Amino acid sequence: MLKIWGRLTSANVQKVVWCADELGLDCERIDAGGQYGLVNTPAYRAMNPNGLIPVIDDGGFVLWESNAIVRYLAARYGAGSLWPTEIPVRADADRWMDWQAVSLNPGIGPAFIQLIRTTPEKRDLGVIENARIETEKKLGVLNAHLATRDYVAGSRFTMGDIPLGCSVDRWFKLPLSRESHPHVERWYAGLRERKGAAQVVGMGIA
Ligand SMILES: N[C@@H](CCC(=O)N[C@@H](CS)C(=O)NCC(=O)O)C(=O)O
Numbered sequence: 007m008l009k010i011w012g013r014l015t016s017a018n019v020q021k022v023v024w025c026a027d028e029l030g031l032d033c034e035r036i037d038a039g040g041q042y043g044l045v046n047t048p049a050y051r052a053m054n055p056n057g058l059i060p061v062i063d064d065g066g067f068v069l070w071e072s073n074a075i076v077r078y079l080a081a082r083y084g085a086g087s088l089w090p091t092e093i094p095v096r097a098d099a100d101r102w103m104d105w106q107a108v109s110l111n112p113g114i115g116p117a118f119i120q121l122i123r124t125t126p127e128k129r130d131l132g133v134i135e136n137a138r139i140e141t142e143k144k145l146g147v148l149n150a151h152l153a154t155r156d157y158v159a160g161s162r163f164t165m166g167d168i169p170l171g172c173s174v175d176r177w178f179k180l181p182l183s184r185e186s187h188p189h190v191e192r193w194y195a196g197l198r199e200r201k202g203a204a205q206v207v208g209m210g211i212a
């Protein structure tokens with residue numbers, strides 16, 4: 007059975023839980039990180055020396071780094087579905103996974119920390135505004151891409167939609183004013199209907 011370590015309030019853990027659900031995998035999730043601790047124990051550090059969540063153990067194969075985990079599960083259990091077999095389609099899905107981590111998340115992350123994890127008197131409004139401006143620019147790029155396709159890698163849902171879906175879900179739940187990105191909104195509304203997304207969508211922001 008697949009084991010997943012990490013609290014469900016983490017968007018990075020949500021990616022893995024959503025992916026496992028899409029693939030119909032039998033799995034056990036163990037709360038770790040945040041108020042659950044565990045990440046500084048020697049046993050956990052032996053699995054992930056960074057002391058971060060998520061981590062998986064799939065029949066003795068241990069892996070950390072959320073997008074790498076999504077890729078691994080898709081490749082191993084989802085060839086032809088989450089893992090496109092056409093190489094250009096797979097490269098497209100891959101590209102949007104990298105973009106989520108290196109372009110989109112650096113804007114959403116600071117906005118989340120300031121608005122959700124920082125008390126009002128300690129909030130830095132300049133950080134929030136910069137994060138908002140950067141994220142709106144990035145969502146404009148995604149919006150233009152989704153104007154001509156149903157999902158990030160084309161006409162079918164793939165692994166590429168999962169990390170972005172978690173990031174956009176988080177962005178839409180943040181208490182701040184947002185610009186309209188109709189194609190992103192249409193795509194996100196479709197993702198919300200998926201059974202695999204239920205735990206992510208149903209999660210409050212904390
Ligand atoms: N790049 C890593 C980032 C992992 C990460 O930063 N995880 C956060 C939660 S989103 C964490 O472990 N925070 C410490 C904690 O929850 O105790 C990944 O995508 O897996």
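Under this note's numbering, read the sequence shown as residues 7 to 212, first letter to last. Where is the CB? At the ideal position from N, CA and C, for every residue including glycine. Small disclaimer: the values here were computed from a predicted structure and weren't measured.
*asked:* Can you check which of these residues, W193, I122, M165, is closest to V174 by C-alpha distance?
replied: Among W193, I122, M165, the Cα nearest to that of V174 belongs to W193.
*Check the DSSP bridge columns for D63 and list the partner residues they point to.*
According to DSSP, which records beta bridges pairwise, D63 is partnered with K9, V68.
*How is the beta strand (DSSP E) around I36 delimited, first residue to last?*
33-36
*How far does the alpha helix (DSSP H) with R192 in it reach, from first residue to last?*
That run of the alpha helix (DSSP H) goes 188-198.
*Can you name the start and end residues of the alpha helix (DSSP H) that P112 belongs to?*
111-122
*For the alpha helix (DSSP H) that E28 lies in, which residues bound it at each end?*
Residues 17-28.
_Where the alpha helix (DSSP H) containing G171 begins and where it ends_ = 167-179
*In the DSSP assignment, what are the bridge partners of Y157?*
G160
_On the DSSP letters alone, give me the boundaries of the alpha helix (DSSP H) that W89 sits inside._
No alpha helix (DSSP H) contains W89, which DSSP labels as neither H nor E.
*Determine the closest residue to R13 out of G171, I114, A26, G43, with distance taken between C-alpha atoms.*
Among G171, I114, A26, G43, the Cα nearest to that of R13 belongs to G43.
*Please determine if the stretch 160-167 and the stretch 89-108 are in contact, where contact requires at least 3 C-beta pairs separated by less than 8 Å.*
yes
*Does the Cβ of S16 have 16 or more other Cβ atoms within 10 Å, making it buried, or fewer, making it exposed?*
Around the beta-carbon of S16, 16 or more other beta-carbon atoms lie within 10 Å, marking it buried.
*Looking at the unbroken alpha helix (DSSP H) that takes in T141, where does it start and where does it end?*
131-152
*Would you decide whether F67 is buried or exposed? Buried here means 16 or more other CB atoms lie within 10 Å of its CB.*
Classification for F67: exposed.
*Expected contact under 8 Å - CB spacing of I114 and T141 to nearest Å*: 6 Å
_Can you tell me where the alpha helix (DSSP H) holding Y50 begins and where it ends?_
48-53
*CA-to-CA distance, G171 to W70, given in whole angstroms*: 20 Å
*asked:* Under DSSP, the alpha helix (DSSP H) around A212 begins and ends at which residues?
replied: A212 -> no alpha helix (DSSP H), and no H or E assigned at all.
*H187 and G146: beta carbons closer than 8 Å?*
yes
*According to the Cβ coordinates, are W24 and A203 closer than 8 Å?*
yes
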